[in-house]
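Encoded as structure tokens, the structure appears first; notes follow it.
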RNA sequence: GGUCUCGUAGUAUAACGGUUAGUACAACGGGUUUUCAUCCCGUCAAUGCGAGUUCGACUCUCGCCGAGAUCACCA
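Numbering (this note's numbering), first residue to last: 31 to 509.
This is the structure:
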């Protein structure tokens, strides 16, 4: 049987780190089993609907490379994929339940329900609406909420992550199926849609575990087969023991894209947060994840989000792309991350800069601060130079003569390439008798005025003879 | 409060009932002729507590403690 998974977000805002795993795992499973993944937009709550949220969701999935086989944009045999456009379908299924005597229109005003709830709280008994089920119920018509008429009994089921589950009748209640505005509740809509769309594996956050018995009752009443149920533990905020949410500053997934995190790293990190394949592998490509993934090895306790590890992983990916696919491949990912002053420079030059700086990057946006002196003249800051912990040991006249010696040496250099440059620097070292830390720091800062930079000979090679000498001369004059 | 779930270093995790409890991130220290990184080496650090079963328990059972989820005309 073909496996069908789905990701069914509600368009209430961006997708963040805390909830994107419920898109990643269904995707991996569908691809591994050669099945389908459906994207369905659960927009039955008009009040919480956010304009543009659907596009944000699609954008996020596309960036991560999680393509869907049915859903918005691509369409499919079970269209529409927006719940707000499927009202009639829910009403049809609702009428089946009414006909079977398993649903009733409930005209009870909310205030009355609130009163029942209060009564129960005061008498310290659990509040179950089925104990207050109205005697005479009207014909169902728009404007009146429709409730499920539950049959209290025990349920057993297997959750692929949480294991064997069982509950008693006390968790079953007359849940609302259709709201007074005519839209279905999540509880009803997702069951109907999953059935209509042929979903075989339902993956969602653990928060739905408690309501699962009510869903099981609905499957039964509707005469539907149970899909496989898979509860995904929450991702926890860095501090405290709460699940990571927008209130704890959970950043949107695409915000990381704008910060220069690679989608490979993001997918890799999130997939491995709360899941592992039992080996000691840390870095996975998407294809490797698809191959290695298994629902059984999803952790059943919450995992804490650790941005430091994500950034470490991003560094790993940055280097991996450079090493395996080449400088050009990595360069193609850097659009928009260079300092503005780099706009006028040629691609070849930027690739050269990237080639000597890439292993210092944690994110692509580090390019902005780390490469400025390759594209604009640094401001000469003598304090910064003199206060360097190595240069501090030199007297002013020493600095002056060292700079002069360097200028002469470099001016006479025949070929301006990394190796001869290093040879020249080594000669300078022995001629002046200075420690590398002192001499090289001096030259390095004089040509960059940056807190750190790539190897000196490489930096000079990329900068070129004219610019290197001009900067050394400028500093020598300023001393 | 009812119901359900979870509990290995700071974090993410590994370990057919049998290893010196492994790995990675972080932290700390060191090495690779400058800095910041990369890379390499090393150090620190864990089975929540208490019983029971067993020759032997991270692993099975029970109790306790701790944490979380859920009890909406939200999803």
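For every residue, glycine included, the Cβ atom is placed at its ideal position computed from N, Cα and C. Quantities reported herein were computed from a predicted structural model and do not represent experimental measurements.
Legend entry - Alpha-carbon to alpha-carbon, residue 176 and residue 107: 29 Å
Legend entry - residue 311, buried or exposed, once every other Cβ within 10 Å from all chains shown has been counted against 16: exposed
Legend entry - Start and end residues, alpha helix (DSSP H) containing residue 38: No alpha helix (DSSP H) holds residue 38; DSSP gives it neither H nor E.
Legend entry - For residue 178, the residue or residues it bridges with in DSSP: 133
Inset, instruction - Compute the beta-carbon to beta-carbon distance between residue 222 and residue 120, rounded to the nearest angstrom, for a pair I have assumed lies under 8 Å. - result: 6 Å
Legend entry - Inter-stretch contact (C-beta, 8 Å, three-pair minimum) for the region 91–99 and the region 293–301: yes
Legend entry - Simplified DSSP assignment, three categories, for residue 42: coil
Inset, instruction - Give me the Cα-Cα distance between residue 290 and residue 363, rounded to the nearest whole angstrom. - result: 9 Å
Inset, instruction - For residue 224, count neighbouring C-beta atoms within 10 Å of its own C-beta (all shown protein chains included) and say buried if the count is 16 or more, exposed if not. - result: buried
Legend entry - Per-residue burial, residue 323 [other beta carbons within 10 Å of its own, 16 or more giving buried]: buried
Inset, instruction - Within the same chain, show all residues whose beta-carbon is closer than 8 Å to that of residue 54, passing over the 5 residues directly before and after it, in chain order. - result: 94, 96, 297, 300 and 301
Legend entry - Backbone CA spacing between residue 488 and residue 350 [nearest angstrom]: 21 Å
Legend entry - Beta-carbon spacing of residue 232, residue 325 below 8 Å: no
Legend entry - Own chain residues within Cβ distance below 6 Å of residue 385, not counting five before or after: 357
Inset, instruction - Count the CB pairs spanning the region 41–48 and the region 272–287 that are closer than 8 Å, and state whether there are at least three. - result: yes
Legend entry - Three-pair Cβ contact test at 8 Å for the region 333–340 versus the region 136–147: no
Inset, instruction - Specify, as a first and last residue, the run of the alpha helix (DSSP H) that residue 220 falls within. - result: 216–227
Inset, instruction - Determine the burial state of residue 482: buried for a count of at least 16 other Cβ atoms within 10 Å of its Cβ, exposed for fewer. - result: exposed
Inset, instruction - Determine the direct distance from the alpha carbon of residue 127 to that of residue 142, and round the result to whole angstroms. - result: 25 Å
Inset, instruction - Quick one: grab the DSSP three-state call for residue 111. - result: coil
Inset, instruction - State the Cα-Cα distance for the pair residue 440 and residue 314, rounded to the nearest angstrom. - result: 46 Å
Inset, instruction - Taking residue 164 as the reference, give the member of 202, 423, 146 and 508 with the closest Cα. - result: 146
Legend entry - Residue from 195, 501, 272 and 275 with nearest C-alpha to residue 241: 195
Inset, instruction - Please list, in chain order, all residues of the same chain as residue 307 whose beta carbon is under 8 Å from its beta carbon, the five residues on each side excluded. - result: 322, 323, 324 and 327
Legend entry - 8 Å Cβ cutoff met for residue 274 and residue 244: no
Inset, instruction - Only counting runs of 4 or more residues, tell me where the alpha helix (DSSP H) segments fall wholly within the region 222–269, in order along the chain. - result: 242–251
Inset, instruction - Alpha carbon to alpha carbon, how far is residue 406 from residue 280? Give it in angstroms, no decimals. - result: 36 Å
Legend entry - Straight-line gap, residue 265 to residue 111 (C-alpha atoms, nearest Å): 27 Å
Inset, instruction - Could you spell out the range, first to last residue, of the alpha helix (DSSP H) harbouring residue 353? - result: 337–355
Inset, instruction - Would you list the one or two residues that DSSP bridges to residue 196? - result: 186
Legend entry - Bridge partner(s) assigned by DSSP for residue 101: 105
Inset, instruction - Taking residue 68 as part of the beta strand (DSSP E), name the residues at either end of that continuous run. - result: 66–69
Inset, instruction - Kindly list the residues whose CB is nearer than 8 Å to the CB of residue 333, restricted to its own chain and excluding five residues on each side of it in sequence; keep chain order. - result: 263, 265, 266, 303 and 304
Legend entry - Segment contact, 8 Å Cβ cut-off, at least three pairs: the region 501–508 with the region 417–434: yes
Inset, instruction - Classify residue 147 as helix, strand or coil using the three-state DSSP reduction. - result: helix
Legend entry - Rounded straight-line distance, which links the Cα of residue 85 to that of residue 59: 24 Å
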